[in-house]
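S.K.:
There are 4 protein chains.
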Amino acid sequence: MTATLPVLMVTGFEPFGGEDLNPSWEVCAALDGLQIGGARVVARRLPCAFGAALQALDEALALHAPALVLCLGQAAGRADFSVERVAINVDDARIPDNLGACPVDVPVLPGGPAAYFATLPIKAMVAALHGAGLPASVSQTAGTYVCNHVFYGLMHRLTVRPGVHGGFMHLPLLPVQAARRPGPSLPLTTQVEGVRVALAAAWATAQDLRAAGGAEC
Amino acid sequence: MTATLPVLMVTGFEPFGGEDLNPSWEVCAALDGLQIGGARVVARRLPCAFGAALQALDEALALHAPALVLCLGQAAGRADFSVERVAINVDDARIPDNLGACPVDVPVLPGGPAAYFATLPIKAMVAALHGAGLPASVSQTAGTYVCNHVFYGLMHRLTVRPGVHGGFMHLPLLPVQAARRPGPSLPLTTQVEGVRVALAAAWATAQDLRAAGGAEC
Amino acid sequence: MTATLPVLMVTGFEPFGGEDLNPSWEVCAALDGLQIGGARVVARRLPCAFGAALQALDEALALHAPALVLCLGQAAGRADFSVERVAINVDDARIPDNLGACPVDVPVLPGGPAAYFATLPIKAMVAALHGAGLPASVSQTAGTYVCNHVFYGLMHRLTVRPGVHGGFMHLPLLPVQAARRPGPSLPLTTQVEGVRVALAAAWATAQDLRAAGGAEC
Amino acid sequence: MTATLPVLMVTGFEPFGGEDLNPSWEVCAALDGLQIGGARVVARRLPCAFGAALQALDEALALHAPALVLCLGQAAGRADFSVERVAINVDDARIPDNLGACPVDVPVLPGGPAAYFATLPIKAMVAALHGAGLPASVSQTAGTYVCNHVFYGLMHRLTVRPGVHGGFMHLPLLPVQAARRPGPSLPLTTQVEGVRVALAAAWATAQDLRAAGGAEC
Chain A
0 MTATLPVLMV TGFEPFGGED LNPSWEVCAA LDGLQIGGAR VVARRLPCAF GAALQALDEA
60 LALHAPALVL CLGQAAGRAD FSVERVAINV DDARIPDNLG ACPVDVPVLP GGPAAYFATL
120 PIKAMVAALH GAGLPASVSQ TAGTYVCNHV FYGLMHRLTV RPGVHGGFMH LPLLPVQAAR
180 RPGPSLPLTT QVEGVRVALA AAWATAQDLR AAGGAEC
Chain B
0 MTATLPVLMV TGFEPFGGED LNPSWEVCAA LDGLQIGGAR VVARRLPCAF GAALQALDEA
60 LALHAPALVL CLGQAAGRAD FSVERVAINV DDARIPDNLG ACPVDVPVLP GGPAAYFATL
120 PIKAMVAALH GAGLPASVSQ TAGTYVCNHV FYGLMHRLTV RPGVHGGFMH LPLLPVQAAR
180 RPGPSLPLTT QVEGVRVALA AAWATAQDLR AAGGAEC
Chain C
0 MTATLPVLMV TGFEPFGGED LNPSWEVCAA LDGLQIGGAR VVARRLPCAF GAALQALDEA
60 LALHAPALVL CLGQAAGRAD FSVERVAINV DDARIPDNLG ACPVDVPVLP GGPAAYFATL
120 PIKAMVAALH GAGLPASVSQ TAGTYVCNHV FYGLMHRLTV RPGVHGGFMH LPLLPVQAAR
180 RPGPSLPLTT QVEGVRVALA AAWATAQDLR AAGGAEC
Chain D
0 MTATLPVLMV TGFEPFGGED LNPSWEVCAA LDGLQIGGAR VVARRLPCAF GAALQALDEA
60 LALHAPALVL CLGQAAGRAD FSVERVAINV DDARIPDNLG ACPVDVPVLP GGPAAYFATL
120 PIKAMVAALH GAGLPASVSQ TAGTYVCNHV FYGLMHRLTV RPGVHGGFMH LPLLPVQAAR
180 RPGPSLPLTT QVEGVRVALA AAWATAQDLR AAGGAEC
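Sequence order for the protein chains is A, B, C and D. 0 is the number of the first residue of the first sequence in numbering that gives the first Met the number 0; add one for each residue after it. 0 is the number of the first residue of the second sequence in numbering that gives the first Met the number 0; add one for each residue after it. 0 is the number of the first residue of the third sequence in numbering that gives the first Met the number 0; add one for each residue after it. 0 is the number of the first residue of the fourth sequence in numbering that gives the first Met the number 0; add one for each residue after it.
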């Protein structure tokens with residue numbers, strides 16, 4: 000029964016900034032239901048809006064009780080699978096979100112820590128992508144828009160879910176988007192493959208870490 | 000019988016600069032034998048060497064008597080299908096070619112014109128690529144290395160083959176290449192599709208142009 | 000007597016990465032002793048080495064008891080005055096530092112917070128630079144090399160020096176450096192002017208903040 | 000008497016594209032009247048308009064009978080002194096010129112050659128700039144806008160002025176421009192110095208070339 004498999008939750012965003020689609024959700028939709036390493040991928044779509052995105056994330060976490068969470072976002076201008084290292088406690092929007100909010104220099108979580116590091120094995124994910132012949136790198140900034148907001152909110156929520164690792168990956172534009180505004184792109188099939196590879200690497204390592212942790216205690 | 004179909008000749012280069020493969024040849028190999036608009040694609044591999052590349056081009060032109068020629072080359076750093084407008088009469092190499100030659104500021108053809116424009120419909124090719132949801136642009140420079148050398152040599156040879164249109168397109172790296180050196184890339188299937196689309200647009204327009212020319216005279 | 004003026008401390012690094020000079024120190028040297036808004040600039044040169052740089056910073060803080068600290072660093076590839084928002088608790092070096100150390104994914108401060116935000120008025124500094132006709136922006140990452148190491152170490156040290164604001168600014172290459180490796184640059188006189196403008200804005204705002212704070216309590 | 004000195008003519012453009020100033024003219028204005036190597040710099044301002052720019056160039060050539068001509072233009076996005084190698088016989092405007100014209104794929108000179116190479120010693124100019132600690136490179140494209148239009152028109156006109164060498168150099172934005180739109184910039188004093196250095200190198204070499212030619216015949 001798939002219902003009893005551990006859940007690898009991936010999230011993607013609805014389109015924003017005048018685009019018709021968002022690669023992060025397209026990839027999620029393609030991966031939904033896939034089995035990876037004895038676990039099942041569950042995909043959730045998040046609104047591109049401060050606050051509302053985290054409410055949707057809360058519902059998803061409550062519903063699916065995932066064993067691992069990888070949130071995805073679109074990064075125009077980036078050419079590779081960009082595995083984020085750190086989320087910072089600030090919202091600073093240059094363009095309004097999809098509900099019209101445009102916060103400037105306010106914390107994601109008042110009183111929260113300045114930052115959270117991803118708890119996914121970011122170096123192992125990059126190595127797995129390279130091993131699969133795909134371009135990838137660690138990124139030191141997820142920006143200050145809704146992507147970072149969700150990443151920070153996720154990591155904060157996971158502090159009370161011990162053993163559940165989480166992180167964020169930025170994806171390039173799709174070619175159809177780059178046909179309208181110059182910049183690097185990767186087609187959907189490549190993006191789906193890359194996220195699958197990174198997710199499998201993250202899950203395999205998370206399992207190792209748990210096993211190791213269990214043996215020590 | 001395919002032997003009687005008009006030939007659309009595409010050329011690609013062997014790897015150079017320490018790479019194991021060259022997208023321009025990988026794309027050619029995938030298109031070889033394909034039928035497009037009542038014509039047949041014939042692919043030829045060129046050495047990445049000044050002089051030798053044009054000798055191979057000469058042999059290919061003599062053997063296949065193509066109705067249209069599109070030469071392809073690799074362009075690290077470019078993110079889209081880059082349709083070249085103009086070839087200039089200069090070889091200026093920063094790295095040696097595959098035979099060790101490193102010409103500096105010598106003409107491709109002593110006494111030749113300073114430049115040749117592509118005779119393919121470069122704007123129609125870009126429009127067709129955009130229409131297929133693929134990133135593309137006109138480029139104003141094919142550089143001064145073996146790509147430009149072949150492009151210039153091609154256009155010079157076509158001056159004595161009236162009605163045979165020719166041009167050059169630069170392709171991004173493949174993802175497996177970009178996994179080793181940062182920069183934009185597009186996977187082989189996308190590159191094959193893009194060259195097919197551009198070639199079809201070029202051939203359709205070339206046919207139109209011939210028809211129109213005939214009617215006017 | 001200048002000895003009694005509040006001290007605005009600026010730090011710059013010695014050259015690294017094969018360069019003969021480092022704009023961050025060249026700017027510091029030019030500003031050393033300058034008076035700005037009733038305060039006196041004191042410049043200190045830091046080794047480009049993990050650990051050693053913070054020891055030098057400790058000595059400088061003890062010696063000068065600054066009222067404000069702005070650390071400077073070189074950022075090849077950046078085109079403007081890049082005012083850093085946040086320092087993260089990680090050292091991750093792709094090239095060895097000047098003492099040969101090459102730490103990978105170790106904390107700057109074991110057990111320290113994941114990040115510190117600059118306490119200088121980064122938006123006011125960017126606005127002042129723009130007002131002076133100079134290119135500037137807020138940056139969301141100071142990297143993971145010695146620059147971020149010093150920035151993080153500084154902010155940690157300032158937690159026990161209430162009222163002393165601190166931050167970090169990255170500077171472009173100098174033209175003489177860009178003559179050897181392509182990329183944006185700004186000449187020393189422009190860099191000196193920009194740092195002076197940013198420092199004056201930071202100090203003026205810090206004074207305002209103090210005044211405001213005092214009035215409220 | 001300065002009236003009898005050979006004239007080194009430099010041209011710059013009026014502002015365009017919504018800018019308030021154009022570095023190419025600012026540099027010219029600063030160099031006007033300067034003596035270099037026994038010659039006198041004469042600066043002329045050109046309208047940023049197809050056709051009209053060449054009329055102004057014709058008047059200037061007739062009036063000053065220069066011994067050497069270096070036209071300058073603004074290149075947003077370029078970081079260094081960009082010495083152009085070749086002008087091509089095409090106008091292709093993405094934005095209207097200052098008189099509202101927006102030609103697409105029309106020749107600068109109907110029936111003219113596809114391209115003209117600069118007759119200034121472009122490699123010597125780059126070497127002189129590097130020697131002065133300034134960033135510089137040879138560029139293979141001057142675009143297809145008014146800059147290329149003037150460059151092509153200049154080189155065509157010089158074909159009937161034997162011994163008069165000419166060329167084109169693109170300049171980065173000024174910092175005040177880059178304060179409003181991100182990108183590389185160099186301040187006016189640096190730009191003036193760079194153009195002076197390049198002009199001196201061009202003139203010194205041109206004199207050498209003439210001397211050499213005279214000796215051989």
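Where a beta carbon is used, it is the ideal one built from N, C-alpha and C, also for glycine. This one's a predicted model, so the numbers in the text were calculated from it and none came from an experiment.
(1) Any chance you could list the beta strand (DSSP E) runs of at least 3 consecutive residues sitting entirely within the region 10-52 of chain B, in chain order?
(2) Whose C-beta lies closer than 7 Å to the C-beta of residue 88 (chain D) among residues of the same chain, with five residues either side of it excluded?
(3) Taking the alpha-carbon of residue 35 (chain C) as reference, which of C:9, C:21, C:53, C:92 has the nearest alpha-carbon?
(4) Scan the region 138-150 of chain D for residues whose Cβ lies nearer than 8 Å to a Cβ of chain B and list them as they occur along the chain.
(5) If the cut is a Cβ gap below 9 Å, which residues of chain D does residue 75 (chain B) touch?
(6) Can you check which of these residues, C:45, C:140, C:97, C:202, is closest to residue 123 (chain C) by C-alpha distance?
(7) What residues of chain D sit near residue 229 (chain B), judged by a beta carbon separation below 8 Å?
(8) So residue 71 (chain A) and residue 194 (chain A) are in contact, right, with Cβ under 8 Å, and what is the actual spacing, rounded?
(9) Which first and last residues belong to the beta strand (DSSP E) in which residue 176 (chain B) is found?
(10) Find the nearest neighbour of residue 189 (chain C) within the set C:132, C:103, C:45, judged by alpha-carbon distance.
(11) Report the three-state DSSP secondary structure of residue 86 (chain D) (helix, strand or coil).
(12) Pull the bridge partners of residue 73 (chain D) from the DSSP assignment, please.
(13) Find the residues of chain A that neighbour residue 65 (chain B), judging by a C-beta separation of less than 9 Å, and give them in chain order.
(14) Inspect the beta-carbon positions of residue 23 (chain D) and residue 84 (chain D) and report whether they are closer than 9 Å.
(15) Tell me whether the beta-carbon of residue 186 (chain D) lies closer than 9 Å to the beta-carbon of residue 170 (chain D).
(16) Give the straight-line distance between the Cα atoms of residue 154 (chain B) and residue 53 (chain B), rounded to the nearest whole angstrom.
(17) On a Cα-Cα basis, can you pick out the residue from B:147, B:91, B:50, B:136 that is closest to residue 197 (chain B)?
(18) Straight-line CA distance for residue 168 (chain D) to residue 68 (chain B)?
(19) Please confirm whether residue 145 (chain B) and residue 15 (chain B) have their CB atoms less than 9 Å apart.
(20) Is the distance from the Cβ of residue 200 (chain B) to the Cβ of residue 127 (chain B) below 9 Å?
(21) I need the straight-line Cα distance from residue 180 (chain A) to residue 73 (chain A), nearest angstrom please.
(22) If you reduce the DSSP assignment to three classes, tell me which class residue 62 (chain B) lands in.
(23) Indicate the three-state DSSP secondary structure (helix, strand or coil) for residue 193 (chain D) in the structure shown.
(24) Going along chain D, which residues have a C-beta under 8 Å from residue 174 (chain C)?
(25) To which residues of the same chain is residue 148 (chain B) closer than 8 Å at the C-beta, ignoring the five residues directly before and after it?
(26) Span of the beta strand (DSSP E) holding residue 114 (chain D)?
(27) Which chain C residues are close to residue 79 (chain D), counting only those with a beta carbon under 9 Å from its beta carbon?
(28) Just reading off the beta strand (DSSP E) that residue 228 (chain A) is part of, what are its end residues?
(29) Alpha carbon to alpha carbon, what distance is there between residue 41 (chain A) and residue 33 (chain A)?
(30) Taking only three categories from DSSP, how would you classify residue 162 (chain D)?
(31) For residue 6 (chain D), list the residues DSSP reports as bridge partners.
(32) Residue 96 (chain D) to residue 46 (chain D), Cα distance in whole Å?
(33) Residues in the same chain with beta-carbon distance under 6 Å from residue 20 (chain D), minus the five sequence neighbours each way, listed in chain order, please.
(34) DSSP three-state label for residue 96 (chain D), please.
(35) Please report whether the beta-carbon of residue 114 (chain C) lies at a distance below 9 Å from any beta-carbon of chain A.
M.R.: Straight from the coordinates:
(1) 38-45
(2) 106, 107, 108, 111, 112, 113, 114, 151
(3) C:9
(4) 139, 140, 142, 143
(5) Correct list: empty, because the minimum Cβ distance to chain D is about 16 Å.
(6) C:202
(7) Missing from the structure shown is residue 229 (chain B); chain B here goes from 0 to 216 and no further.
(8) 7 Å
(9) Taken as a continuous stretch (DSSP letters only), residue 176 (chain B) belongs to no beta strand (DSSP E), being part of the alpha helix (DSSP H) at 174-177.
(10) C:132
(11) strand
(12) D:170
(13) Those within 9 Å of residue 65 (chain B) in chain A number zero; the least Cβ separation is about 29 Å.
(14) no
(15) no
(16) 11 Å
(17) B:136
(18) 35 Å
(19) yes
(20) yes
(21) 14 Å
(22) helix
(23) helix
(24) 132, 133, 134, 185, 189
(25) 49, 52, 53, 90, 107
(26) 114-116
(27) 174, 177, 178, 181, 182, 183, 184
(28) Chain A is shown only over 0 to 216; residue 228 (chain A) falls outside these bounds and no answer can be derived.
(29) 8 Å
(30) coil
(31) D:39
(32) 9 Å
(33) 14
(34) coil
(35) yes
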